[in-house]
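S.K.:
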Amino acid sequence: MPMRNWNLTRVVHWVATLLMTASAGVAMATGALLQGAVAPADVVQQLRAAPAVTIGGTSVRPVPSGTVRAAAADRAGGSAQSERDSTFVVRDGDNLVGVSTNDLIVVYPDTAAVSQAVAGQAKSVNPYPQINTVIVHVGSFDQLSTIHAALARKFPTAKFGLPVRYSDIKKK
């Protein structure tokens, strides 16, 4: 009987795929959220009661802390600090799970005016005048909508973005 010529790369890819599929299945079975995976139906159903947060072209629903254990944080060994500074979100269109770092990106020529407008409301404000951008970091995701609305009224020509990461960043 002829033996198939399996090279090491194929075997590694096959095993990795098998393990990823199994871990995603376990995460879904235990009700855990997995960054980059589709949220379980029961979680999506719970989130439908709350309105979506839309900033720029991104529309997401924040997952209340304590609702569902986050498998990605367990896997990454996330520190308490990084967990406080980020929020699990579910993308409104396709229910993909991502992580928001509770940042609001504001593109406006007068970065000093934007920085002054959010002074005292944000945890940190990082202006980048050379590219007309200000990154506003808030303590909780709930603050983003309020700050976005206030800035949109004050600077109607500004552009806004809500960065959300849908996959883990792997360090080399």
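Going letter by letter, the sequence shown gives residues -29 to -1, 1 to 143 in mature numbering (1 follows the signal peptide of the UniProt record, and there is no 0).
All C-beta atoms in this analysis are idealised placements derived from N, C-alpha and C, irrespective of residue type, glycine included.
Fair warning: this is a prediction, and the values are worked out from it, not measured in the lab.
With burial defined as no fewer than 16 other Cβ atoms inside 10 Å of the residue's Cβ, what is the status of Ser71: buried or exposed?
M.R.: The residue in question, Ser71, is buried, as its Cβ has 16 or more Cβ neighbours within 10 Å.
S.K.: In three-state terms, what does DSSP make of Ser111?
M.R.: The answer is coil: DSSP assigns Ser111 none of H, G, I, E or B.
S.K.: So Val78 is in the beta strand (DSSP E); what residue range does that whole segment cover?
M.R.: Val78 -> beta strand (DSSP E) spans 74 to 78.
S.K.: By how many angstroms is the C-alpha of Gly110 removed from the C-alpha of Ser57?
M.R.: The alpha-carbon atoms of Ser57 and Gly110 are separated by roughly 9 Å.
S.K.: Please name the residue in Val68, Ala10, Pro11, Val24 whose C-alpha comes closest to that of Arg136.
M.R.: Comparing Cα positions, the closest option is Val68.
S.K.: Please report the distance separating the alpha-carbon of Pro134 from that of Leu75.
M.R.: The straight-line gap from Cα to Cα measures roughly 7 Å.
S.K.: Does DSSP put Leu133 in a helix, a strand or coil?
M.R.: It is coil, neither helix nor strand.
S.K.: Mind reading off the beta-carbon distance from residue 145 to Ala121? Whole number of angstroms is fine, and I expect it under 8 Å.
M.R.: Residue 145 is absent from the model: the chain starts at -29 and stops at 143.
S.K.: Should Thr88 and Phe126 be called a contact, given that it needs their Cβ atoms to be closer than 9 Å?
M.R.: Residue identity check: residue 88 is Ala in the sequence provided, not Thr. For Ala88 and Phe126, yes; Cβs fall inside 9 Å.
S.K.: Could you name the residues that DSSP lists as bridge partners for Phe59?
M.R.: Looking at the DSSP assignment, Phe59 forms a beta bridge with Val70.
S.K.: If you draw a straight line from the alpha carbon of Gln17 to that of Leu5, how long is it in whole angstroms?
M.R.: Taking the straight line from one Cα to the other gives about 17 Å.
S.K.: Just the C-alpha distance for Thr104 and Ala93, rounded to the nearest angstrom, thanks.
M.R.: Their Cα atoms are separated by approximately 16 Å.
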